[in-house]
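J.: Got a structure for you, written out below as structure tokens; questions coming shortly.
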């Protein structure tokens with residue numbers, strides 16, 4: 001990286017990744033899935049260029065990135081009656097950018113916003129059904145508002161928007177309320193997917209609707 005001044009930094013990254021097929025990819029089979037012992041490893045090259053800004057109350061960053069992947073492992077089948085089989089299905093070129101913003105409202109309260117845009121150019125093998133090949137999120141917008149109402153009560157509101165390449169989108173809201181019981185324990189109430197949005201995290205797999213989690217967490221030294 002290179003510091004333009006005390007607040008602004010320019011940076012660049014280059015990396016290679018190599019993913020060996022897992023035991024599940026290679027050998028695991030059940031009534032719906034077949035492993036494939038002949039799978040090849042995945043390869044990827046990644047480039048990133050970005051800028052960061054930091055002050056006492058504001059942090060911002062933006063980056064442009066590209067990723068070239070080959071031999072991506074997917075699960076495919078030719079008909080609805082077939083089992084999903086692990087296969088080196090495609091090569092994938094991904095280009096995009098992200099923007100991140102953090103505003104420190106006070107010592108304990110903050111607003112965080114993150115946006116990512118992805119453009120995938122995929123070279124897919126001739127298959128009729130794929131779990132992951134056309135499932136990437138093109139637009140992602142996440143916001144997180146953390147508020148401290150008093151010395152004991154904090155409230156976090158989270159909003160997640162996603163739109164896939166096929167224009168299917170979702171908006172999910174989460175809420176987390178904490179009450180400090182002591183220096184090393186607190187009571188919490190989490191409400192996930194507040195408005196019961198129907199959406200899919202990966203192809204054909206529905207995510208949970210509205211759900212609640214209530215409990216106490218304690219730390220011991």
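Numbering (the numbering used here), first residue to last: 1 to 221. Ideal placement from N, C-alpha and C gives every residue a C-beta, glycine not left out.
Might you give, ordered along the chain, the residues of its own chain that have their beta carbon closer than 7 angstroms to the beta carbon of residue 39, omitting 5 neighbours on each side?
T.: 21, 25, 26, 73, 86, 88
J.: Less than 7 angstroms between C-beta atoms, sequence neighbours within five positions excluded: which residues of the same chain meet that for residue 200?
T.: 206, 207
J.: With a threshold of 7 angstroms on Cβ separation, who are the neighbours of residue 54 within its own chain once the five nearest residues in sequence on each side are excluded?
T.: Taken in chain order, the residues that qualify are 7.
J.: Ordered along the chain, which non-local residues of its own chain (more than five positions away) have a Cβ less than 8 angstroms from that of residue 210?
T.: Taken in chain order, the residues that qualify are 191, 192, 193, 194, 195, 196.
J.: Should residue 17 be labelled buried (16 or more other beta-carbon atoms within 10 Å of its own) or exposed?
T.: exposed
J.: Could you give the DSSP three-state label for residue 22: helix, strand or coil?
T.: coil
J.: Please classify residue 107 as buried or exposed, where buried requires at least 16 neighbouring CB atoms within 10 angstroms.
T.: exposed
J.: Taking DSSP as the reference, what is the three-state secondary structure of residue 14?
T.: In the three-state scheme derived from DSSP, where H, G and I count as helix and E and B as strand, residue 14 is classed as strand.
J.: Report yes if the CB atom of residue 112 is closer than 8 angstroms to the CB atom of residue 137, and no otherwise.
T.: no
J.: Sort 23, 82, 11 by Cα distance to residue 47 and report the nearest one.
T.: 11
J.: Can you tell me which of 58, 14, 15, 76 puts its alpha carbon nearest to the alpha carbon of residue 36?
T.: 76
J.: Which ranges would you report for the beta strand (DSSP E) in the region 159-215 if only whole runs of at least 3 residues count?
T.: 169-182, 185-192, 200-202
J.: For my contact list, residue 177 and residue 189 are in at a C-beta cut-off of 8 angstroms; report their separation, rounded to the angstrom.
T.: 5 angstroms
J.: Helix, strand or coil for residue 103 per DSSP?
T.: The answer is strand: DSSP assigns residue 103 an E or B state.
J.: Can you give me the Cβ contacts of residue 116 inside the same chain, cut-off strictly under 7 angstroms, excluding the 5 residues immediately before and after it?
T.: Cβ contact annotation for residue 116 (same chain, cutoff 7 angstroms, sequence separation greater than five): 96, 98, 140, in chain order.
J.: Nearest-angstrom Cα distance between residue 168 and residue 161?
T.: 11 angstroms
J.: Of the choices 159, 101, 220, 216, whose alpha-carbon is the least far from that of residue 59?
T.: 101
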